[in-house]
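Numbering (full-length UniProt numbering), first residue to last: 1 to 119. All C-beta atoms, glycine included, are put in the ideal place defined by N, C-alpha and C. For clarity, every value in this text was computed on a predicted model and none was experimentally measured. Working notes, structure below.
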Amino acid sequence: MVNVVSPAELPTAEVRDLPQDGLVLLDVREDDEWAAGHAPGAVHIPMGELPARVGELTDLPDDQPIHVICRSGGRSARATAWLNQSGWDAVNVAGGMGAWHREGRPMVGEHPGIDPEVI
1 MVNVVSPAEL PTAEVRDLPQ DGLVLLDVRE DDEWAAGHAP GAVHIPMGEL
51 PARVGELTDL PDDQPIHVIC RSGGRSARAT AWLNQSGWDA VNVAGGMGAW
101 HREGRPMVGE HPGIDPEVI
């Protein structure tokens, strides 16, 4: 996956500007990062698997953009560029899950009894 769009041209949104409900969120982090903590309702497809699994996105609502998130915004920027080049309406989430956590947005994890965290 190559970023063919300059950062100035990449659609980007700040976490604070995202809706609280109805957000279509694609998390492109690795499995261990996802398991440690993620946004409720997010779809998980690690960035390296995205080209092979992009068909799974057809199940998402198509009346709004797919907001793409990673840990800090780098991987999601590359994934957003690739998705947009491939015909999807995608927006990078600036600051990633780190910003999500700092904004106090809800998180869930896959480890019972352990508070979710961003790793």
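Item	Value
His67 versus Val24 - alpha carbon distance	6 Å
Cα-Cα separation, His101 to Gln64	23 Å
His111 classed as buried or exposed, judged by whether at least 16 other C-beta atoms fall within 10 angstroms	exposed
Span separating the alpha-carbon of Glu56 from that of Gly113	30 Å
Best match in Ile69, His38, Gln20 and Gly87 for proximity to Gly95 [C-alpha to C-alpha]	Ile69
Run of the alpha helix (DSSP H) containing His101, from where it starts to where it stops	Gly96 to Arg102
Element boundaries [beta strand (DSSP E), containing Glu14]	Thr12 to Glu14
Meets three-Cβ-pair contact criterion under 8 Å: the stretch 11-18 and the stretch 28-39	no
Presumed contact (8 Å Cβ cut-off) between residue 123 and Leu26, rounded CB distance	Residue 123 lies beyond the range of the chain shown here (1 to 119); nothing can be said about it.
When Asn92, Gly48 and Ala39 are compared against Glu117, the one with the closest alpha-carbon	Ala39
Integer Cβ distance of Leu50 from Ala79, believed to fall under 8 Å	6 Å
Whole-number beta carbon distance between Val93 and Ser72, since they are thought to touch under 8 Å	Incorrect: roughly 10 Å between the Cβ atoms, too far for contact.
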